[in-house]
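Structure record follows, encoded as structure tokens.
Number of protein chains: 2
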Amino acid sequence: MNLSTPLTRPSLHEELVTRLRQAIVEGALEPDAKVPERELCENLGVSRTPLREALKVLANEGLVVLQSNRGARISKVTMEELEDAFPVIAVLEGLAGELACASATDKEISHIVARHHDMFRYYEAGDRSAYFQANRDIHAALMAAARNPVLAQHYAMLSSRVERARLLANVSDSRWAEAVEEHREIVKAVEARDGPRLSALLRAHLNNKLAALKKALT
Amino acid sequence: MNLSTPLTRPSLHEELVTRLRQAIVEGALEPDAKVPERELCENLGVSRTPLREALKVLANEGLVVLQSNRGARISKVTMEELEDAFPVIAVLEGLAGELACASATDKEISHIVARHHDMFRYYEAGDRSAYFQANRDIHAALMAAARNPVLAQHYAMLSSRVERARLLANVSDSRWAEAVEEHREIVKAVEARDGPRLSALLRAHLNNKLAALKKALT
DNA sequence: TCTTTTCATTTTGTATTCATAATTCAAGAT
DNA sequence: ATCTTGAATTATGAATACAAAATGAAAAGA
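Quick note, the sequences are listed as chains A and B, same order. This note's numbering puts the first residue of the first sequence at 1157, with every later residue one more than the last. This note's numbering puts the first residue of the second sequence at 1157, with every later residue one more than the last.
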């Protein structure tokens, strides 16, 4: 049992940030909807103070828009935002790939590889939701292996803003096949610990993802 | 005159975020110091509520650390943080360079070039503070020319975390000379609108800056 | 009928209050 | 003397209160 870490109860506003962020990303709080302050307070059993603190934080992250004297709205997912965010995510993932090749443990590498094989099986089985889960795991594992908390923080922020687009547009089967092919190259680069190549592949992968989203959303 | 944007008085917490961030970056609020909540409230003439909202936002940005039931402290500038942040800033500036080459107006390009010439003059004159100001302007102008608000937002956040290091370590004259040389190459790439080259130069410039900081801080 | 105006209601931003946890400091124990 | 102990004080987190602004609905005017 760990007796060295000073035990610290998370404050209400922190929990609220986490839960609201999740609700927004999952679409439980819909884009452009007004944030029902009173209702949330009642449901969550907290007063307005910590809830409003959480909203300020989420506004700073771009998930919520504050309108003076008119409360908060869930921010919309616009094409412009996606077009701005994806290139940034791309270079961050690219960097993560480089760093991961340099600092990942062998165990981490083999975990990423294993998750890839899972993912390929889900693709064969046509199980989209398991595929997406595996895909998220892979990107998260890569990010963790990069050993750079600052990078991870900004990546997480951007991901949360962009994740919601998945709810708006189902990618085509042909794009799915393409993405899988790209991942076959990616996993090869991971196994070879080829940082520059992995970086380039990830950047290209993200840019293709954006192009596919664009097509699906117009 | 702009008549489309609905005029909106900034809320107290927003103003506080701005002012506190500035105070932290400029060193008026020193790293590791406790945030004097009561004192700030009195000086700024606001109640605790908006101040605490601002602190939550700054904590989310990493400029402040919240300790449960023990208030807030200004976060320390650690070598680990700089080592994590600089590579991220480097890829963001690299991306900004690429994008700027593609989307900057001729006027923006010539402004960046002009500011470079100013900066070189300040270097000749040995005027460090004017040099730094011009340097900041150049990076800001480049970022603006990239036309990507998401990129700009994350760049600003990271810059604020890292700016403070400048107060801790004066770079050597030899590094200054080096940096100027690097900028001579950078401005050439800007004039030529050579995106890939500018991107590579900026990334290298940032990595060298980190190395210089490392040396100066040990 | 369709606007415009008025006024009650609700919502919002900020201030204030309150309960609890941390800190301080003096008194007693070692 | 130094180290504990515990009550008094202060600071903090969260709830509540309050004033100002926005919203909505009914009444007055076109």
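Idealized CB from N, CA, C, for every residue including glycine.
Asked: Please work out which residues of its chain come closer than 7 Å, Cβ to Cβ, to Asp1274(A), disregarding the five sequence neighbours upstream and downstream, and give them in chain order.; Found: Ala1290
Asked: For Val1306(B) versus Gly1183(A), is the C-beta distance shorter than 9 Å?; Found: no
Asked: Can we say the stretch 1263-1280 of chain A touches the stretch 1355-1372 of chain A, given the rule of at least three CB pairs closer than 8 Å?; Found: no
Asked: Output the distance between the C-alpha atoms of Leu1298(B) and Gly1253(B), rounded to the nearest integer angstrom.; Found: 7 Å
Asked: Quick one: what's got a C-beta closer than 6 Å to Val1336(A)'s C-beta in the same chain, skipping five residues either side?; Found: Tyr1279
Asked: Based on Cα-Cα distance, which residue from Pro1166(B), Lys1371(B) and Val1318(B) lies nearest to Pro1187(B)?; Found: Val1318(B)
Asked: Whole angstroms are fine: how far does the CA of Glu1171(B) sit from the CA of Pro1192(A)?; Found: 25 Å
Asked: Where do the ends of the beta strand (DSSP E) carrying Arg1229(A) lie?; Found: Ala1228 to Ile1230
Asked: Checking contacts by CB at 9 Å: is Gly1351(A) closer than that to chain B?; Found: no
Asked: Give the residues of chain B in contact with Glu1208(A), contact being defined as C-beta atoms less than 8 Å apart.; Found: One detail in the question is off: residue 1208(A) reads as Arg in this sequence, not Glu. Near Arg1208(A) (Cβ distances below 8 Å), the residues of chain B are Glu1209.
Asked: Quick one: which chain A residues come within Cβ less than 7 Å of Leu1362(B)?; Found: Within chain A, no residue comes near Leu1362(B); the closest Cβ sits about 12 Å away, beyond 7 Å.
Asked: Would you say Gly1218(B) reaches chain A, if we count a Cβ-Cβ gap shorter than 9 Å as a contact?; Found: yes
Asked: Based on DSSP bridge pairs, tell me the residues matched to Ala1190(B).; Found: The question names Ala, but residue 1190(B) is Lys in the sequence shown. Arg1229(B), per the DSSP bridge assignment.
Asked: Chain A partners of Val1244(B), CB-CB under 8 Å?; Found: Leu1248, Leu1251, Asn1304, Val1306, Leu1307 and His1310
Asked: Does the distance from the CB of Arg1349(B) to the CB of Ala1286(B) come in under 9 Å?; Found: no
Asked: At what residues does the beta strand (DSSP E) containing Val1220(B) begin and finish?; Found: Val1220 to Leu1222
Asked: Rounded to the nearest angstrom, what separates Asp1262(A) and Asn1199(B) at their Cα positions?; Found: 55 Å
Asked: With DSSP collapsed to three states, give me the class of Ser1316(A).; Found: helix
Asked: Which of helix, strand or coil does DSSP assign to Gly1183(A)?; Found: coil
Asked: Could you check if Met1235(B) is buried or exposed, using at least 16 other CB atoms within 10 Å of its CB as the buried criterion?; Found: exposed
Asked: Please name the residue, chosen from Ala1256(B), His1267(B), Gly1201(B) and Leu1248(B), that lies closest to Ser1315(B) on a Cα-to-Cα basis.; Found: Leu1248(B)
Asked: Roughly how far, in whole angstroms, is the beta-carbon of Gly1250(A) from the beta-carbon of Arg1359(A), given that I think they are within contact range, below 8 Å?; Found: 4 Å
Asked: Looking at the unbroken alpha helix (DSSP H) that takes in Gly1253(A), where does it start and where does it end?; Found: Met1235 to Ser1259
Asked: Do Asn1363(A) and Phe1288(A) have their CB atoms nearer than 9 Å?; Found: no
Asked: Nearest chain A C-beta to His1169(B) closer than 9 Å, yes or no?; Found: yes
Asked: Is the distance from the Cβ of Leu1224(B) to the Cβ of Ser1203(A) below 9 Å?; Found: Per the sequence shown, residue 1224(B) should be read as Ser rather than Leu. Not closer than 9 Å, so no.
Asked: How many Å lie between Leu1222(A) and Lys1344(A) at the Cα?; Found: 45 Å
Asked: Roughly how many angstroms separate the alpha carbons of Ala1296(A) and Ala1333(B), rounded to a whole number?; Found: 41 Å
Asked: May I ask which residues mark the beginning and end of the alpha helix (DSSP H) holding Thr1205(A)?; Found: Arg1204 to Glu1217
Asked: For the alpha helix (DSSP H) holding Val1327(B), just list the boundary residues, first then last.; Found: From DSSP, Val1327(B) is part of no alpha helix (DSSP H); its letter is neither H nor E.
Asked: Can you list, in chain order, the residues of its chain with a C-beta nearer than 7 Å to that of Val1181(B)? Leave out the 5 residues immediately preceding and following it.; Found: Ser1316, Glu1319 and Arg1320
Asked: Is there a Cβ of chain A sitting closer than 9 Å to that of Ser1375(B), yes or no?; Found: Outside the modelled stretch of chain B, which goes from 1157 to 1374, sits residue 1375(B), for which no answer is possible.
Asked: According to DSSP, simplified to helix, strand and coil, what is Gly1201(B)?; Found: coil
Asked: To the nearest angstrom, report how far apart Ile1294(B) and Gln1178(B) are at their CA atoms.; Found: 19 Å
Asked: Does chain B have any CB closer than 9 Å to the CB of Leu1222(A)?; Found: yes
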